[in-house]
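Q:
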Amino acid sequence: DSENRAYQTHTALELPDVEEAASKSNIVYTHDAFVLPGEYRLSFVIFHTVTGEHSAMQRMLRVAALKNDPLPAAWRDLPPVEIFRDPPGDLFLPSMTGRLHLPLDTRRPIRVELLMNASRSAADVGPRSRRPTNSNPGELIPALKAISQVEVRNGTMNVALLDLTRRQVIFEQDSRGGLDWPELQTALKAADPNVIDVHSLENRRQNAQFFLAQVHRRIFAAGPSRVLIVLSEPMAFSSGEDLHRIDVSDKPDGKIYFIRYHSVAGVAPAFPTRRGLPFPTRPGLTEPPDSLEPMLKPLQPRLFDVYTPEQFRKALGNLLAEISRM
Numbered sequence: 244d245s246e247n248r249a250y251q252t253h254t255a256l257e258l259p260d261v262e263e264a265a266s267k268s269n270i271v272y273t274h275d276a277f278v279l280p281g282e283y284r285l286s287f288v289i290f291h292t293v294t295g296e297h298s299a300m301q302r303m304l305r306v307a308a309l310k311n312d313p314l315p316a317a318w319r320d321l322p323p324v325e326i327f328r329d330p331p332g333d334l335f336l337p338s339m340t341g342r343l344h345l346p347l348d349t350r351r352p353i354r355v356e357l358l359m360n361a362s363r364s365a366a367d368v369g370p371r372s373r374r375p376t377n378s379n380p381g382e383l384i385p386a387l388k389a390i391s392q393v394e395v396r397n398g399t400m401n402v403a404l405l406d407l408t409r410r411q412v413i414f415e416q417d418s419r420g421g422l423d424w425p426e427l428q429t430a431l432k433a434a435d436p437n438v439i440d441v442h443s444l445e446n447r448r449q450n451a452q453f454f455l456a457q458v459h460r461r462i463f464a465a466g467p468s469r470v471l472i473v474l475s476e477p478m479a480f481s482s483g484e485d486l487h488r489i490d491v492s493d494k495p496d497g498k499i500y501f502i503r504y505h506s507v508a509g510v511a512p513a514f515p516t517r518r519g520l521p522f523p524t525r526p527g528l529t530e531p532p533d534s535l536e537p538m539l540k541p542l543q544p545r546l547f548d549v550y551t552p553e554q555f556r557k558a559l560g561n562l563l564a565e566i567s568r569m
């Protein structure tokens, strides 16, 4: 980096394991890393340990700062470079030691409830699904990790994951000290949408009402003022579901936010969205209509439609600014 600190990694390729056809192909060798804005000198070396043959190359990398950054201090305590050492597909990246600087000060004590929907939409499960089924809910895991690092200085934050298909709270933990990734990972695997028991199928018409019951219990609980953050992809339920709106007689003493995270794979939403959001270009593919936000209407949630990391960063900045005024 600009202060001459070195960050290094390597991988060995055993040539006896390389098939002959590889000589006719280009080989792409990749290492991913988080890099803060700044200037870096990259060095690449390939070395044959037997013959001593080698090749080296250097390039300069300049990473510009974010323009109009809504969270300018979020990266304050992070190292300039963190090289990924986690298995491919592990979106939580447990080997990353850096923690975001996201302090949250409020005038009165609060309890933040972060509620993530870990279920797949009914339109995404089964042989007619428009995208592969996967128990890992895509972009939600990095978003969950980021929000869980908010430091609630005058209160607490509780993180919970819901499996709506089985009507279960599959994970719940206080966020202080970081989330227990092994336990969370086990919970996500158990929520595999491709494996469902008969009892859960028999009562699937109550999946939506289970979600509302969890919301109601958390936002109307006694104690400090509540802030509920719902994190979910657009969620459609099966035909015949009870989609009645949440029943509230009193307005909750708190705030409710809904971060609706759209797939980055490039599908256009089937429901109206705010102006200015990008619409991908893959024709014929649409997201399912979201049923969660309409059911929450009586609580007047603040909705953030998120398509990109930049939009998520802006949503999180706005959300924290609003909560800080409580």
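In the working numbering, the protein residues as written are 244 to 569. Yeah, the Cβ is synthetic: ideal placement off N, Cα and C, and Gly gets one too.
1. Quick check: Leu427 and Met538, are their CB atoms within less than 8 Å of each other?
2. Glu565 by DSSP, collapsed to three states: which one?
3. Spatial neighbours of Gln554 within its chain, please: CB distance less than 6 Å, with the 5 preceding and 5 following residues excluded, ordered by chain position.
4. As a quick exercise: from Ser266, Ser481, Val395, Phe277, pick the residue whose alpha carbon is nearest that of Pro532.
5. Which residues mark the beginning and the end of the alpha helix (DSSP H) in which Ala454 is found?
6. Do you know whose CA, among Asn247, Thr551, His291, Glu262, lies nearest Ala255's CA?
7. In whole angstroms, what is the alpha-carbon distance linking Val549 and Glu263?
8. What did DSSP end up calling Pro259 once you bin it into helix, strand or coil?
9. What residue range is occupied by the uninterrupted alpha helix (DSSP H) comprising Met359?
10. What are the boundary residues of the beta strand (DSSP E) that Leu546 is part of?
11. Exposed or buried, which one is Ser286 when buried takes at least 16 other CB atoms within 10 Å?
12. With DSSP collapsed to three states, give me the class of Ile390.
13. Are there 16 or more other CB atoms within 10 angstroms of the CB of Ala361, so buried, or fewer, so exposed?
14. Whole-angstrom Cβ separation of Ile489 and Val458, contact assumed at under 8 Å?
15. Apply the 10 Å Cβ neighbour rule to Val473 and answer buried if 16 or more other Cβ atoms are within range, or exposed otherwise.
16. So the alpha helix (DSSP H) Ala433 belongs to, where does it begin and stop?
17. Helix, strand or coil: how does DSSP classify Gly497 here?
18. How many whole angstroms separate the CB atoms of Ser475 and Leu535, which I take to be in contact at a CB cut-off of 8 Å?
19. Taking only runs of the alpha helix (DSSP H) that begin and end inside the segment 316-343, which ones reach a length of at least 4 residues, in chain order?
20. Need the endpoints of the alpha helix (DSSP H) that Glu246 sits in, please.
21. In terms of DSSP beta bridges, what is Phe287 paired with?
22. With distances taken Cα to Cα, identify the nearest neighbour of Met569 among Leu258, Arg350, Met339.
23. Is Pro280 near Ala308, with beta carbons less than 8 Å apart?
24. Given Trp424, which residues of its chain have a CB within under 6 Å of its CB, disregarding the five upstream and five downstream residues?
25. Whole angstroms are fine: how far does the CA of Gln392 sit from the CA of Arg342?
26. In whole angstroms, what separates the C-alpha of Leu562 from that of Phe547?
27. Where do the N-terminal and C-terminal ends of the beta strand (DSSP E) with Leu474 fall, by residue?
28. Near Leu383, what residues of its chain come up, given a Cβ to Cβ distance below 7 Å and the 5 sequence neighbours on each side ignored?
29. By Cβ distance below 6 Å, which residues in the same chain neighbour Arg354 in space, the five residues on each side in sequence not counted?
30. When the Cβ atoms of the segment 315-330 are set against those of the segment 294-303, are three or more pairs found closer than 8 Å?
31. How about Leu422 and Val402: do their beta carbons lie closer than 8 Å?
A: Result, derived from the coordinates:
1. The answer is no: Cβ separation not under 8 Å.
2. Assignment of Glu565 by DSSP, reduced to helix, strand and coil, places it in the helix class.
3. If we look at Gln554 and ignore the five residues flanking it on each side, it has no Cβ neighbours.
4. Of the candidates Ser266, Ser481, Val395, Phe277, Ser481 places its Cα closest to the Cα of Pro532.
5. What sits at residue 454 in the sequence shown is Phe, not Ala. Per DSSP, Phe454 belongs to the alpha helix (DSSP H) from 450-462.
6. Comparing Cα-Cα distances from Ala255 to each of Asn247, Thr551, His291, Glu262, the minimum goes to His291.
7. Their backbone Cα atoms lie some 46 Å apart in a straight line.
8. Looking at Pro259 - three-state DSSP - the assignment turns out to be helix.
9. No alpha helix (DSSP H) contains Met359, which is instead part of the beta strand (DSSP E) from 353-360.
10. Leu546: member of the beta strand (DSSP E) spanning 545-549, first to last residue.
11. Ser286 comes out exposed.
12. Three-state DSSP puts Ile390 in a helix.
13. In this structure Ala361 is buried. Its beta-carbon is surrounded by 16 or more other beta-carbon atoms within 10 angstroms.
14. A Cβ-Cβ distance of about 6 Å is found for the pair Ile489 and Val458, placing them in contact under the 8 Å criterion.
15. By the neighbour-count criterion, in which 16 or more other beta carbons inside 10 Å mark a residue as buried, Val473 falls on the buried side.
16. 424-433 is the extent of the alpha helix (DSSP H) around Ala433.
17. Here Gly497 sits in strand by DSSP.
18. The distance from the Cβ of Ser475 to that of Leu535 is about 6 Å, consistent with a contact at the 8 Å cut-off.
19. Taking only runs of at least 4 residues, no alpha helix (DSSP H) segment lies wholly in the segment 316-343.
20. It is not in any alpha helix (DSSP H) - Glu246 carries neither H nor E in the DSSP assignment.
21. Checking the DSSP bridge columns, you'll see Phe287 partnered with Met300.
22. Nearest Cα to Met569 within the set Leu258, Arg350, Met339: Arg350.
23. Going by C-beta atoms, Pro280 is nearer than 8 Å to Ala308.
24. In the same chain as Trp424, and ignoring 5 residues on each side of it, the C-beta atoms closer than 6 Å to its own belong to Phe335, Pro337, in chain order.
25. Their Cα atoms are separated by approximately 7 Å.
26. The alpha-carbon atoms of Leu562 and Phe547 are separated by roughly 9 Å.
27. In the DSSP assignment, Leu474 falls within the beta strand (DSSP E) that extends over 468-475.
28. Same-chain partners within the cutoff: Met359, Leu474, Glu476, Tyr504.
29. Scanning its chain for C-beta atoms nearer than 6 Å, with the 5 sequence neighbours on each side dropped, one finds around Arg354 the residues Gly398, Thr399, Pro467, Arg469, in chain order.
30. Judged by Cβ distances under 8 Å, the segment 315-330 makes no contact with the segment 294-303, as fewer than three pairs qualify.
31. Judged by their CB atoms, Leu422 and Val402 are nearer to each other than the 8 Å cut-off.
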